[in-house]
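In what follows, a structure is listed as structure tokens, so that the remarks can point back to it.
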Amino acid sequence: MSDQTIVFTKDAPAPVGPYSQAVKTPFAIYCSGQIPLTPEGTLLEGTIAEKTKLCCQNLEAVLKAAGSSIPKVVKTTIFISDMGIFGEMNTEYEKWFSHKPARSCVAVKTLPKNVDVEIECIALP
4 MSDQTIVFTK DAPAPVGPYS QAVKTPFAIY CSGQIPLTPE GTLLEGTIAE KTKLCCQNLE
64 AVLKAAGSSI PKVVKTTIFI SDMGIFGEMN TEYEKWFSHK PARSCVAVKT LPKNVDVEIE
124 CIALP
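Going by the working numbering, the sequence shown opens with residue 4, and the numbers climb by one from there.
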């Protein structure tokens, strides 16, 4: 469709499957989930806070490539491996999303590459 644009930036990890980093429409940017994977493809070893920060940095890079930014995020979905890490993840998350977009956070059995956190978002263009 001509009103959809595939977004790609080398400043975030390349997709590891048949999907896009994001899709931009006239009304919203739909960002795929970002995991704590560097743009070069290395999984980050570290704390949940450090991993959450890298997820947010990756989202920021994708949003920038789409002509948007973190303050324009209206909805996030967070997937974590265990609710026991919620507090540490949340402390880092709120540094990035102080404008408090709508949000869901769920604990799941397994995430891609067995990471502990994945964050996706929807933003305004």
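The C-beta atom is built at its ideal place from N, Cα and C for all residues, glycine as well.
Quick caveat: nothing in here was measured; it's all calculated off a predicted structure.
- Along the stretch 77-113, the beta strand (DSSP E) occurs as fully enclosed runs of 3 or more residues at 105-110, listed in sequence order.
- Counting along the chain, the unbroken alpha helix (DSSP H) around Q60 starts and ends at I51 to A68.
- Nearest Cα to T80 within the set G87, M92 and A69: M92.
- Per DSSP, the continuous beta strand (DSSP E) segment holding T8 begins and ends at T8 to V10.
- The Cβ neighbour count for L127, taken over all protein chains shown within 10 Å, is under 16; the residue is labelled exposed.
- The shortest C-alpha to C-alpha distance from D85 to any of V111, P42, I9 and T55 is the one to V111.
- Pairing S101 with L40, the inter-Cα distance amounts to about 23 Å.
- Ranked by how close their Cα comes to the Cα of E123, the residues L114, T28, P115 and K78 have K78 in first place.
- Beta bridge pairing from DSSP links K13 with no other residue.
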